[in-house]
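Order-wise, the sequence lines are chains A and B.
The numbering of the first sequence is this note's numbering, which starts it at 385 and goes up by one.
The numbering of the second sequence is this note's numbering, which starts it at -18 and goes up by one.
Even glycine gets a Cβ: it sits at the ideal position worked out from N, Cα and C.
What follows is one structure encoded as structure tokens, with my remarks underneath.
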Amino acid sequence: MVVFKKPHALSDVPLHYCPGCTHGIVHRLVAEVIDELGIEGKTIGIAPVGCSVMAYNYFECDMIEAAHGRAPAVATGVKRANPDNIVFTYQGDGDLASIGTAETVHSAARNENITVIFINNAIYGMTGGQMAPTSLPGQVTQTSPYGRDVNLCGYPVKICEMLAQLDGPEYLERVTVNNVKQIKNAKRAIKKAFQNQIDGKGFSLIEVISSCPTNWGMTPQAALKWIDEKMIPYYPLGVYKDRSAEKKEDEQ
Amino acid sequence: MEKKVLMKGNEAIAEAAIRAGCRHYFGYPITPQTEIAAYMAKRMPKIGGTFLQAESEIAAINMVYGVASAGLRVMTSSSSPGVSLKGEGLSYLAGADLPALVVNVQRGGPGLGGIQPSQSDYFQATRGAGHGDFHMIVLAPASVQEMAELTVKAFDLADKYRMTSMLLADGTMGQMMEPVALDDLKINPMPEKPWATTGTKMERKRNIINSLSLVPEELEQFNFARYEKYAEIERTEARAEEYRMEDAEIAVAAFGIASRVSRNAVDAAREMGIKVGLIRPITLWPFPVDPFKRSLSTVKKYISVELNMGQMIEDVRLATECRRPVTLCNRAGGMIPTPEQVLEAIKAAANGGEQ
């Protein structure tokens, strides 16, 4: 009996991610979901700019590399061109919540029938640990060496809370992957986000609170703990919008 | 007799694009090209196409990138300030070797500038639309009929060479009405695009659309290959119209609306016995070097007539290898030279003086 194997949708190549980084876990969850839904042959993935810039090498489905922050606009084009394709973007916090905020907000407002996987690790990883739009107040980074001063550079952007104010999006949920229970929960959420697209329900975004031991300057274990102690209190987990469920409640 | 309809230049672009098989249009409102978006908004839903008003020019060009990745004909249109915003996307389209049509109905700049016609984005279109080494095929229509014909041609060239075509018009060309024979447009079938990301169907290896290449030796090779393609385009696709050039001793160089003004001036000068002709580049990149080279056998002086501070004049000098004097006859900021102004420039050249 096979108890563990590499998902077919995940490429058989070494990932470039740092030891202890949770990108690998989320990649695997996305690939498992693609396998389980049997959609690899019609799925198009859009990679961002940031740590996951080379995600196009890690999934076996057709892949597109987008400009920084523009993945939801590219996804919009792909989906409008071939509505039968399943289109997902995989974006980090700098990509999705800073330079690409407009694309994020408006693809959500249009309820574009796409799936967005949003990795929030509160830092710019690829460029070496600068302050992200989601860096916590007081968080020390290369470009906030004295800690993020909210008087100087404002407060973190809470994407799920912000998008939940829109009438457009179908589904918004924040999860994390810092222990087995949370990983299983994250997979459930990601699967729902893909299933929503298959069902034609529209824009689904899963924010995954992730770790960056390298740029946080922590061991992998300490980084997972920091998620519980610092990240989740600021970014509470849970479902922020589920339009179909709300509709059902209204009907009852 | 062929059937002709009276259309605005902007509308002719939109209708020709639809006839060329374009079913996806993304844009953002900006004067003086908004008729293209309005036309697409009306027509696309009726023919199963997509019209989407994007949240920004940047989003629009990236939606174009998405449809182009899927292998379908796609376009966006804008005017000068909007095209600057598209610059990032134009560079990515080039880096990923994706075919698309981008229309620039130019207005005066820089900055927010004005809304009157201009040709001041010549450098942007032919030299530097975005970062990195790349070119777009740049077509310059001079009539509403050509707005339609060159739109179709632009799609063909974009697909043939897997690159962006730009239709470089101006506010006059976009807004003026002329009779157009749309049924004469030659529509070629779209070539196969086995590279497109349409899903593997579990039957082939994945396709990847990408412009990232972290190994410099590889990135250099990609650039070399692209420039080999460009060299082929320069050899085979340059186009110009030559008017009364047979014995011309003075040559006026002008494209788009400037060429129409210049044609009147050339006729008037010919009536005065001045041997003058007109070279009208139809492709701005590749620049039609040959007609200029050939003209060196008779032409002693060149005049570049432009709606800018002198941009194409550099290509005229390069094409003639600076072997003859080239003077500039221009207006800028949304102003158009009159035939009288061009005639004066021709007379001045004929009299041996500099303008």
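Residues of the segment 42 to 65 of chain B with a C-beta atom less than 9 Å from some C-beta of chain A are I42, N43, M44, V45, Y46, G47, V48, A49, S50, A51, G52, L53 and V55, listed in chain order. Separation of the CB atoms of S276 (chain B) and I260 (chain B) is rounded to 7 Å, and the pair is thereby assigned contact status at 8 Å. Relative to the Cα of E227 (chain B), the nearest Cα in the group B:N245, B:V280, B:A234 and B:D78 belongs to B:V280.
Contact annotation: the segment 98 to 111 of chain B does not touch the segment 615 to 630 of chain A, with fewer than three C-beta pairs closer than 8 Å. Positions of the beta strand (DSSP E) runs, each at least 3 residues long and wholly inside the segment 494 to 575 of chain A, are given as 499 to 504 and 555 to 560 in order along the chain. In this structure, M44 (chain B) keeps its C-beta atom at 8 Å or more from the C-beta atom of C3 (chain B).
Identification of residues in the segment 411 to 433 of chain A having a C-beta nearer than 7 Å to some C-beta of chain B yields E424, G425, K426, T427 and I428, given in sequence order. C435 (chain A) counts as buried, since no fewer than 16 other beta carbons sit within 10 angstroms of its beta carbon. From the beta-carbon of H490 (chain A), the residues of chain B found nearer than 7 Å are E36 and A40. Close to Y9 (chain B), with beta-carbon spacing below 8 Å, lies no residue of chain A; the smallest spacing is near 11 Å.
For the beta strand (DSSP E) assignment, the uninterrupted runs of no fewer than 3 residues enclosed by the segment 413 to 462 of chain A are, from N- to C-terminal side, 427 to 431 and 446 to 449.
The DSSP-derived three-state label of T406 (chain A) is coil.
Using beta-carbon distances, G461 (chain A) counts as an interface residue toward chain B, with a partner under 8 Å.
The segment 544 to 552 of chain A makes no contact with the segment 566 to 578 of chain A; the number of CB pairs closer than 8 Å stays below 3. Secondary structure in the segment 58 to 145 of chain B: the alpha helix (DSSP H) runs of 4 residues or longer, each lying completely within the stretch, are 61 to 76, 103 to 107 and 125 to 142 in chain order.
Against chain B, the CB of D551 (chain A) has no partner CB under 8 Å away; the residue lies outside that interface. By the CB criterion at 8 Å, K174 (chain B) and G52 (chain B) fall inside the cutoff.
According to the DSSP assignment, R261 (chain B) belongs to the beta strand (DSSP E) that extends over V257 to P262.
In terms of Cβ geometry, V86 (chain B) and A150 (chain B) form a close pair [threshold 8 Å].
Taking one beta carbon from each stretch, the segment 582 to 597 of chain A and the segment 495 to 514 of chain A have 3 or more pairs nearer than 8 Å; the two touch. Buried is the label assigned to E69 (chain B), since at least 16 other Cβ atoms lie within 10 Å of its Cβ. Interface with chain B (8 Å Cβ-Cβ cutoff): A451 (chain A) is included.
Around the beta-carbon of R532 (chain A), 16 or more other beta-carbon atoms lie within 10 Å, marking it buried. Contacts with chain B (Cβ-Cβ distance below 9 Å) from the segment 487 to 515 of chain A involve E487, V489, H490, S491, A493 and R494, listed in chain order. Taking I17 (chain B) as reference, the option from B:K256, B:G(-10), B:V257 and B:R88 with the minimal CA-CA separation is B:G(-10). When A:T598, A:S491 and A:H452 are compared, the shortest CA-CA separation from Q475 (chain A) is found for A:H452. For Y73 (chain B), at least one C-beta of chain A is nearer than 8 Å to its own C-beta. With fewer than 16 other beta carbons inside 10 angstroms of its own, I28 (chain B) counts as exposed. By the Cβ criterion, the segment 508 to 515 of chain A is in contact with the segment 593 to 602 of chain A, since at least three pairs of Cβ atoms, one from each stretch, lie closer than 8 Å. By the 16-neighbour rule on beta-carbons within 10 angstroms, C310 (chain B) is buried.
Judged by DSSP in its simplified three-state form, G47 (chain B) adopts helix. Counting C-beta pairs with one atom in each stretch, the segment 446 to 460 of chain A and the segment 481 to 495 of chain A have three or more that are closer than 8 Å, which means they touch.
In the assembly as shown, R304 (chain B) is an exposed residue. Its beta-carbon has fewer than 16 other beta-carbons within 10 Å. Boundaries of the beta strand (DSSP E) around M158 (chain B): M158 to V161.
Taking the beta carbon of D479 (chain A) as reference, no residue of chain B falls within 9 Å; the closest one sits roughly 13 Å away.
Within chain B, the C-beta atoms nearer than 7 Å to that of I448 (chain A) come from S50, T178 and I190, in chain order.
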